[in-house]
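In this note's numbering, the protein residues as written are 539 to 693.
Ideal placement from N, C-alpha and C gives every residue a C-beta, glycine not left out.
The structure under discussion appears below in the form of structure tokens.
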Amino acid sequence: MYRLISLAVATCCLACQHASAAESLFAEGSTWETVSKGHHIVEGIASLGGGTVYVTDVADNELVRIDPDGKETLIDDATDRANGLAFGPGGKLYSVCMSKPAVLVWDLEKGSRERIPLPSPGNDLAITAGGRLFYTWGKTHAVYELNLVTRESSK
Numbered sequence: 539m540y541r542l543i544s545l546a547v548a549t550c551c552l553a554c555q556h557a558s559a560a561e562s563l564f565a566e567g568s569t570w571e572t573v574s575k576g577h578h579i580v581e582g583i584a585s586l587g588g589g590t591v592y593v594t595d596v597a598d599n600e601l602v603r604i605d606p607d608g609k610e611t612l613i614d615d616a617t618d619r620a621n622g623l624a625f626g627p628g629g630k631l632y633s634v635c636m637s638k639p640a641v642l643v644w645d646l647e648k649g650s651r652e653r654i655p656l657p658s659p660g661n662d663l664a665i666t667a668g669g670r671l672f673y674t675w676g677k678t679h680a681v682y683e684l685n686l687v688t689r690e691s692s693k
């Protein structure tokens with residue numbers, strides 16, 4: 539079974555088909571390649587560059603690192619259906635959970651994980667350079683904000 543990278547990436551690719559080479563996210567003449575197989579529902583792709591990517595498998599409750607050579611490393615196998623991923627302040631990796639209202643924060647250098655309670659489960663997220671995390675939850679048709687410094691959240 540081929541792993542689909544993300545609806546967001548697919549949408550980006552469709553948009554890039556109509557963009558000039560200078561506007562494209564992908565090198566001219568580049569092609570798709572399968573980097574990993576055997577996952578069920580892959581979401582949230584995050585990378586700090588260098589070819590290493592992190593993805594969540596929502597159905598299997600996993601966070602996986604995929605190195606440029608294709609080597610996979612299971613980072614976490616109890617993610618509470620973590621969905622969107624993003625790197626934030628200090629190079630930490632953040633994800634919102636679908637089955638329990640929380641943000642998971644992985645310090646990949648230390649090998650630790652922290653859970654920050656939220657008022658709602660989440661689906662996708664974005665983090666500003668100033669440490670404000672925004673996440674969505676479709677069932678409430680809302681965008682929520684979490685201040686990563688004060689840990690205060692709002693709708």
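Can you tell me whether DSSP reads residue i as helix, strand or coil?
| i | result |
| --- | --- |
| D615 | coil |
| K609 | coil |
| G628 | helix |
| G569 | One point to set straight first is that residue 569 is Thr, not Gly, in the sequence displayed. Looking at T569 - three-state DSSP - the assignment turns out to be coil, as it is neither helix nor strand. |
| K648 | coil |
Which term fits residue i, buried or exposed, when burial requires 16 or more other beta carbons within 10 angstroms of its beta carbon?
| i | result |
| --- | --- |
| P655 | exposed |
| I579 | exposed |
| T594 | buried |
| H679 | exposed |
| S692 | exposed |
| D645 | exposed |
| A620 | buried |
Using DSSP's beta-bridge definition, name the partner residues of residue i.
| i | result |
| --- | --- |
| E683 | F672 and S692 |
| L642 | S633 and R653 |
| A667 | According to DSSP, A667 bridges with nothing at all. |
| E581 | T594 |
| R586 | According to the sequence as given, residue 586 is Leu; it is not Arg. None, per the DSSP bridge assignment. |
Measuring CB to CB, does residue i end up less than 8 Å from residue j?
| i | j | result |
| --- | --- | --- |
| A640 | A584 | no |
| T572 | N599 | no |
| L612 | V596 | no |
Just checking my contact of residue i with residue j at CB under 8 Å: how many whole Å lie between their CB atoms?
| i | j | result |
| --- | --- | --- |
| L631 | Y592 | 6 Å |
| V687 | G669 | 5 Å |
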